[in-house]
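So the sequence shown is numbered by the working numbering: it starts at 622 and just counts up by one. The block underneath contains the structure these notes are about, expressed in structure tokens.
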Amino acid sequence: MPHKAIWVNSDATQEVKSIPGDYKPPKGDLLLKTICVAVNPGDFKHPETFGAVNTVEGFDAVGEVIGIGPETEGFKIGEKVLTFARGIGPAEWGASQEFFLALAATCWNFDESKLSEDQAATIPLALFTAWADIVLDYKDENIVERIKEAIPGSKKLQHGFNCVGASVELLEDVIDQGGSIILSLPPTAQCPGHHVEMAIAGTVHNLETFRVPEFKFHRGVEPRDSHGAEVLRSIMHWTLKEIGVRYQLPRVRTLGGRGMYDAFEAFALMRENRISGEKVVWRMSETPGLL
């Protein structure tokens, strides 16, 4: 059915507009009616940096199940779920619209007595991309020395995963020669002393392609990791049991109470580095002009 969405135009600008919709869930998918969405930098960086245009973005969301694909089990019509949406690719995958298709394998029921809808929306992408035993400030001018100090005894650091940018220089200094450097963005320079490739959180969605040519994977082959999705499902189940105990939720920040339009304000704040230790969440029902 026609509905409103935050549409990415061909020039990477974004606007709230009506789109045709009419999504029907295939096998393995759920059709969700969007309740709330947590904003991520990728929502504007994918269009502006990687050319992900003429589509809808949005990764972290809570929605109501209103359709279930064939041979898709574990969910019922009317249930609320939190989801790690595919968010880049065909328009029907992005969460920043009234209705979207979510992969059932990355949808979870949650206990509303433990966390609100807004809190639930903050979890997926952050959970799947942030794990560490030792936490250091990557903006520290002495970060290389700090990392080296954290390596036990005579051991060497063999692998590094840069979730911040496309630069390999910092990791070149701390990863042993011949080791691996994994980036969440396409590498910007050659690194002959190390194996360098790119990986992204969406690998667990087991997709054919992200339809973004600027994503340059190792040997031109995009990794597909449905097993990784199964592992992450178990992590999410653990997380939902440990809410408020061993998993502390981030602060939820609300803005002007204008639904999808709040996303644009959040983008501006993120560009100015004014979002830290919190997640902006907007609610679909607050969007002006919805039918």
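Glycine residues also receive a C-beta, built at the ideal position from the N, C-alpha and C atoms.
Please look up how many angstroms separate the CB atoms of residue i and residue j, rounded, as I've assumed it's under 8 Å.
i       : j       : result
Ile-709 : Glu-685 : 23 Å between Cβ atoms; not a contact.
Pro-691 : Lys-648 : 5 Å
Gly-865 : Lys-735 : 7 Å
Met-881 : Val-683 : Rounded, the Cβ-Cβ distance is 15 Å, inconsistent with contact.
Leu-791 : Ile-764 : 7 Å
Where does the unbroken alpha helix (DSSP H) through residue i begin, and where does it stop?
i       : result
Ile-687 : Where Ile-687 is concerned, there is no enclosing alpha helix (DSSP H), although the beta strand (DSSP E) it sits in stretches over 681 to 689.
Phe-782 : Looking at the DSSP string, Phe-782 is not in any alpha helix (DSSP H); the run it does join, the beta strand (DSSP E), is 780 to 783.
Met-891 : 882 to 892
Val-765 : 764 to 771
Val-866 : No alpha helix (DSSP H) holds Val-866; DSSP gives it neither H nor E.
Leu-792 : 790 to 795
Asp-761 : Here Asp-761 belongs to no alpha helix (DSSP H), and DSSP marks it neither H nor E.
Asp-739 : 738 to 742
Check whether the Cβ of residue i lies closer than 9 Å to any Cβ atom in chain C.
i       : result
Glu-899 : The displayed structure is made up of one protein chain only, and chain C is not part of it.
Return the first residue and the last residue of the beta strand (DSSP E) that residue i is part of.
i       : result
Phe-720 : 720 to 724
Leu-804 : 801 to 804
Arg-872 : 872 to 874
Val-901 : 899 to 904
Val-817 : 816 to 819
Suppose contacts are defined by Cβ-Cβ distances below 9 Å. Is residue i in contact with residue j by that definition?
i       : j       : result
Lys-701 : Asn-730 : yes
His-725 : Val-674 : Correcting the residue identity first, residue 725 is Ala in this sequence and not His. Contact: no.
Gln-718 : Phe-888 : no
Ile-627 : Val-677 : yes
Gly-679 : Phe-721 : yes
Lys-645 : Thr-908 : no
Glu-902 : Ala-742 : Checking the sequence, you will find Val at residue 902 rather than Glu. Yes; because the gap between Cβ atoms is below 9 Å, this pair is in contact.
Val-660 : Asp-883 : yes
Ser-801 : His-780 : yes
Gly-898 : Arg-872 : yes
Using only CA atoms, which one of the options lies nearest to residue i?
i       : options                               : result
Leu-703 : Ala-712, Ala-753, Tyr-882 and Leu-652 : Leu-652
Glu-818 : Ile-803, Pro-711, Ile-640 and Ala-810 : Ile-803
Pro-773 : Glu-762, Asn-763 and Ile-755          : Ile-755
Ser-906 : Met-891, Asn-894 and Gly-878          : Gly-878
Asn-783 : Lys-777, Val-795, Ser-775 and Glu-766 : Val-795
Gly-799 : Leu-748, Arg-707, Trp-903 and His-815 : His-815
Cys-728 : Arg-895, Leu-791 and Asp-681          : Asp-681
Arg-904 : Leu-876, His-858, Gly-663 and Gln-869 : Leu-876
Val-658 : Leu-890, Gly-715 and Glu-733          : Gly-715
Asp-664 : Glu-899, Ala-706 and Leu-778          : Ala-706
Glu-733 : Lys-862, Glu-893, Ser-639 and Arg-854 : Lys-862
Please list the segments of the alpha helix (DSSP H) lying wholly inside the segment 625 to 703, counting only runs of 4 or more residues, in order along the chain. 663 to 671
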